[in-house]
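First the structure, in the form of structure tokens, and then the observations on it.
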Amino acid sequence: MTALNKTFKVMCLALILSNCGGGSDSSDAETVIPFNQWQQNIFLPSNTFKDKCVAPRNGINPATNFTFLDTEGTKLDENNFLRSFSNDTYLWYDEIVDQDPAPFDTRDYFMQLKTANDKFHFTIDSSEWYQLSQSGVAAGYGAEWLIRNTRVFVAYTEPNSPATSSTVNLQRGDEVIRIDGTNINNLTSSQLNSLLFPDSDQTHIFSLKKNSSGDIKSVTMTSTNITKTPVQKTGVINTDTGKVGYVLFNDHIATAEKGLFDAITLLQSKEINDLILDLRYNGGGFLAIANQLSYMIAGPSASAGKIFEKMVFNDKHPTTNPITGAAINGIPFYSSTIGLSSMNSNTPLPSLNLNNGSLGNNRVFIISGNDSCSASESIINSLIGLDVEVILIGAKTCGKPYGFYPADNCGTTYFTVQFKGINNKGFGDYADGFSPRTNSSNVNMPRGCLIDDDLQHELGDINESRLAAALHFRNTNNCPSSATSLSEQSIERYRINSMKIMKPQWLSNKIALEKYQ
Numbered sequence: 000m001t002a003l004n005k006t007f008k009v010m011c012l013a014l015i016l017s018n019c020g021g022g023s024d025s026s027d028a029e030t031v032i033p034f035n036q037w038q039q040n041i042f043l044p045s046n047t048f049k050d051k052c053v054a055p056r057n058g059i060n061p062a063t064n065f066t067f068l069d070t071e072g073t074k075l076d077e078n079n080f081l082r083s084f085s086n087d088t089y090l091w092y093d094e095i096v097d098q099d100p101a102p103f104d105t106r107d108y109f110m111q112l113k114t115a116n117d118k119f120h121f122t123i124d125s126s127e128w129y130q131l132s133q134s135g136v137a138a139g140y141g142a143e144w145l146i147r148n149t150r151v152f153v154a155y156t157e158p159n160s161p162a163t164s165s166t167v168n169l170q171r172g173d174e175v176i177r178i179d180g181t182n183i184n185n186l187t188s189s190q191l192n193s194l195l196f197p198d199s200d201q202t203h204i205f206s207l208k209k210n211s212s213g214d215i216k217s218v219t220m221t222s223t224n225i226t227k228t229p230v231q232k233t234g235v236i237n238t239d240t241g242k243v244g245y246v247l248f249n250d251h252i253a254t255a256e257k258g259l260f261d262a263i264t265l266l267q268s269k270e271i272n273d274l275i276l277d278l279r280y281n282g283g284g285f286l287a288i289a290n291q292l293s294y295m296i297a298g299p300s301a302s303a304g305k306i307f308e309k310m311v312f313n314d315k316h317p318t319t320n321p322i323t324g325a326a327i328n329g330i331p332f333y334s335s336t337i338g339l340s341s342m343n344s345n346t347p348l349p350s351l352n353l354n355n356g357s358l359g360n361n362r363v364f365i366i367s368g369n370d371s372c373s374a375s376e377s378i379i380n381s382l383i384g385l386d387v388e389v390i391l392i393g394a395k396t397c398g399k400p401y402g403f404y405p406a407d408n409c410g411t412t413y414f415t416v417q418f419k420g421i422n423n424k425g426f427g428d429y430a431d432g433f434s435p436r437t438n439s440s441n442v443n444m445p446r447g448c449l450i451d452d453d454l455q456h457e458l459g460d461i462n463e464s465r466l467a468a469a470l471h472f473r474n475t476n477n478c479p480s481s482a483t484s485l486s487e488q489s490i491e492r493y494r495i496n497s498m499k500i501m502k503p504q505w506l507s508n509k510i511a512l513e514k515y516q
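Take a look at the structure:
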């Protein structure tokens with residue numbers, strides 16, 4: 000941001016003081032506090048400063064189809080908007096240390112408006128956010144990277160991308176050894192980040208150890224704008240005890256609405272008996288997508304009259320949503336499309352007739368990882384709230400019951416934690432993540448198995464360790480011998496030692512949209 004270049008307009012906040020203090024004058028008095036400079040713990044409404052910008056935008060806002068509301072303003076206006084907005088809506092507003100906003104660049108100031116332990120605060124350029132949120136378009140090679148310590152592997156690839164071209168042909172489990180001749184271990188974190196996640200039209204040479212043969216192969220990739228395919232694989236596994244559906248779901252983006260609709264419609268037509276939903280690399284995204292998928296799994300009977308999730312805001316807003324102004328009621332399960340994708344609104348969603356679990360409703364096997372986060376965890380939590388039996392196969396999830404409403408101001412979209420989600424039973428305390436329960440009394444945790452991620456097999460292969468474990472559990476009601484002990488110590492050790500997928504922050508969150516909540 001540029002330095003402050005205009006004089007901040009002088010404003011006054013009138014505080015009417017009456018009967019406040021033992022020796023004060025009993026008559027009404029008005030004290031005027033000048034607001035031309037910072038007054039600690041005194042806040043004007045955020046709308047006082049909203050859309051007052053150092054660099055006002057012109058033209059049509061693609062997110063609203065209306066003219067931008069930006070007017071001429073200052074850096075201090077932008078900072079004061081964030082200060083007041085955070086004080087009003089941030090879930091832990093009373094833990095923010097109120098500092099004079101004047102000396103800070105705006106994005107730096109935003110990073111001050113949070114608790115010390117808040118890992119979820121972030122910003123993104125509004126134009127980039129719009130493009131990402133609509134279609135998941137972002138610059139890259141079309142490879143999703145897994146990292147363990149200093150080693151980098153291919154987790155999966157996007158169709159029709161540089162990573163899947165005939166001359167490159169990256170495969171799951173391929174390991175990056177060098178980039179542009181420099182060993183991975185000799186690159187700083189920032190260097191590695193810029194090489195793995197470049198802007199568009201950048202060319203780099205990768206030396207890879209091929210998973211299939213162990214050979215070292217050199218490939219050249221030029222980054223381009225990649226359109227994500229959030230639902231990559233849908234299939235049916237025939238077993239002696241019925242048909243099992245498999246869905247690989249990687250991102251809660253707008254286009255997932257149609258992808259999931261098509262996947263569940265297909266599995267419905269195949270009359271599957273059980274579903275294995277692979278969320279191991281799904282960090283989250285739009286909460287509305289999680290809502291729709293949860294309905295399609297649970298079905299109309301289990302979800303009728305129940306809530307998908309209820310938002311809990313800070314104690315300033317016990318009954319009214321501070322973003323939408325609506326009364327805080329539980330969000331119902333969506334039984335039809337809402338027009339996030341290319342589909343029209345109000346098309347009835349399909350649902351599955353799955354085998355009953357131990358509590359009398361459908362059951363579902365969910366493959367999880369440390370990167371199963373936010374909106375993905377809302378699927379787990381909402382289904383448990385309906386007494387749908389969730390069998391968790393994989394690793395402990397990331398632990399993020401918190402969510403955001405994206406806030407655009409002056410060309411930057413801000414994400415600050417504003418609510419916690421609770422399910423139909425009132426449970427939402429999973430900040431430590433979901434993991435297979437260690438005892439039968441912990442009813443808010445699912446049953447299941449801790450199983451290592453398997454890079455030797457493609458996702459969806461019945462020999463892949465986590466998918467094989469789900470099929471084993473389905474047949475035996477027990478974990479395979481390869482599973483890790485379910486002690487608290489082993490669960491935590493397993494989490495620390497597991498691989499992490501490298502995705503942008505917006506794909507690792509629970510994002511609410513005003514129109515649909």
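So in numbering that gives the first Met the number 0, the last spot in the sequence shown is 516, and the numbers never skip.
For every residue, glycine included, the Cβ atom is placed at its ideal position computed from N, Cα and C.
- Burial is judged here by how many other beta carbons sit within 10 angstroms of a residue's own beta carbon; residue 256 has at least 16 and is buried.
- Residue 47 carries a helical assignment under DSSP once its states are collapsed to helix, strand and coil.
- Taking the Cα of residue 289 as reference, the smallest distance to any Cα among 266, 336, 314, 322 is reached at 336.
- In the DSSP assignment, the residues bridged to residue 52 are 71.
- Rounded to whole angstroms, the separation of the alpha carbons of residue 384 and residue 111 is 36 angstroms.
- By the criterion of at least three beta-carbon pairs nearer than 8 angstroms, the segment 242 to 257 is in contact with the segment 266 to 280.
- Contact between residue 308 and residue 327 does not hold, since their C-beta atoms are separated by about 11 angstroms, which reaches or exceeds 8 angstroms.
- The DSSP-derived three-state label of residue 189 is helix.
- By the C-beta density criterion, residue 381 is buried, having at least 16 other C-beta atoms within 10 angstroms.
- Assignment of alpha helix (DSSP H) within the segment 357 to 435, counting only whole runs of 4 or more residues, yields 374 to 383 in chain order.
- Using a Cβ-Cβ distance cut-off of 8 angstroms, the segment 353 to 365 and the segment 307 to 322 are not in contact, since fewer than three pairs of beta carbons, one from each stretch, lie closer than that value.
- The secondary-structure analysis by DSSP pairs residue 335 across a beta bridge with 347.
- Here residue 40 carries a coil assignment [DSSP, helix/strand/coil].
- With contact defined as three or more Cβ pairs closer than 8 angstroms, the segment 73 to 83 and the segment 92 to 109 are in contact.
- Annotation for residue 231: the continuous beta strand (DSSP E) segment containing it runs 230 to 238.
- Along the segment 137 to 204, the alpha helix (DSSP H) occurs as fully enclosed runs of 4 or more residues at 188 to 195, listed in sequence order.
- In the three-state scheme derived from DSSP, where H, G and I count as helix and E and B as strand, residue 245 is classed as strand.
- In this structure, the beta-carbon distance from residue 370 to residue 499 falls below 8 angstroms.
- In chain order, 414, 504 place their CB closer than 6 angstroms to the CB of residue 121, counting only its own chain and leaving out the 5 sequence neighbours on each side.
- If you draw a 10 Å sphere on the C-beta of residue 435, you find 16 or more other C-beta atoms in it, and that means buried.
- The continuous alpha helix (DSSP H) containing residue 290 extends over residues 286 to 297.
- Burial check for residue 40: the Cβ neighbour count within 10 Å stays below 16, so the residue is exposed.
- In this structure residue 301 touches residue 361 by the C-beta definition: roughly 7 angstroms separates them, less than 8 angstroms.
- Going by beta carbons, residue 198 and residue 138 fall inside the 8 angstroms limit.
- Separation of residue 364 and residue 174 (C-alpha to C-alpha, rounded to the nearest whole angstrom) is 29 angstroms.
- In this structure, residue 135 and residue 252 form a Cβ contact; the two beta carbons are roughly 4 angstroms apart against a cut-off of 8 angstroms.
- The beta carbons of residue 172 and residue 151 sit no closer together than 8 angstroms.
- Here the segment 441 to 449 does not lie against the segment 222 to 241, with fewer than 3 beta-carbon pairs under 8 angstroms apart.
- Relative to the Cα of residue 142, the nearest Cα in the group 159, 130, 392, 477 belongs to 159.
- The C-beta distance from residue 282 to residue 372 rounds to 4 angstroms, short enough to meet the 8 angstroms contact threshold.
- Distance from residue 449 to residue 394 at the Cβ level is roughly 7 angstroms; contact confirmed, criterion being Cβ atoms closer than 8 angstroms.
- For residue 268, no beta strand (DSSP E) encloses it; the enclosing alpha helix (DSSP H) starts and ends at 255 to 268.
- According to the DSSP secondary-structure assignment, residue 96 is paired through a beta bridge with no residue.
- Beta-bridge annotation (DSSP): residue 311 is paired with 419.
- Closest by C-alpha distance to residue 457, out of 425, 412, 211, is 211.
- Taking a cut-off of 8 angstroms on C-beta distances, the segment 256 to 268 does not touch the segment 184 to 194, as fewer than three cross pairs fall below it.
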